[in-house]
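Written below as structure tokens is the structure these notes are about.
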Amino acid sequence: MFEKQGFLSSHIEEMRQKNLQDQSEIFTLAFRTLELAYCQLYQLDIKQFDKKSCLIGALYCKIIESYNSVLLLSNYGLSSDSKSILRVFIEATFLLGSIINNEEQYEQFLIKGDFETFQLVERIKKNPEE
């Protein structure tokens, strides 16, 4: 059955359980880390009209969800796909650290975002059918 339906087969559960068992220490640590990340998320002080705190909150959510995706894919033995998502996780983590620790980096991020939004609006105004 697995040969016909691949990872959508009901036979994946046996593989998943074996993978969890073989890597139990790693998955235990990984799921505990995820639990702590969610606890930290609820402690973030995000102010509704403060762009920086909203950006920090959004990036933190992106990091948590990317990490969650990596765990989910790894849990099902899809390590090559989890590595693709891991790149998103790493990029968001470095961006978050940079924005928190470097006010100039934060300002550049906003300027770039505003400029890209402006370009998009101008392109839509010129050709609304596009």
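In our numbering, the protein residues as written are 758 to 887.
Where is the CB? At the ideal position from N, CA and C, for every residue including glycine.
- At least 8 Å separates the beta-carbon of tyrosine 833 from that of arginine 880.
- In terms of CA proximity to tyrosine 863, Ile813 leads the group Phe806, Ile813, Tyr799 and Gln800.
- Apart from sequence neighbours up to five positions away, the residues of its chain that approach leucine 816 with a beta-carbon distance below 8 Å are Ala849, Leu852, Leu853 and Ile856, ordered along the chain.
- Unbroken beta strand (DSSP E) runs of no fewer than 3 residues, entirely contained in the segment 794 to 868, are not found.
- With a cut-off of 8 Å on Cβ pairs, the segment 776 to 789 is not in contact with the segment 799 to 814, counting fewer than three such pairs.
- In the same chain as lysine 808, and ignoring 5 residues on each side of it, the C-beta atoms closer than 8 Å to its own belong to Leu867, in chain order.
- Cα atoms of glutamine 797 and lysine 882: separation of roughly 42 Å, rounded to the nearest angstrom.
- In the three-state scheme derived from DSSP, where H, G and I count as helix and E and B as strand, glutamine 780 is classed as coil.
- At the C-beta level, valine 827 and serine 839 come within 8 Å of one another.
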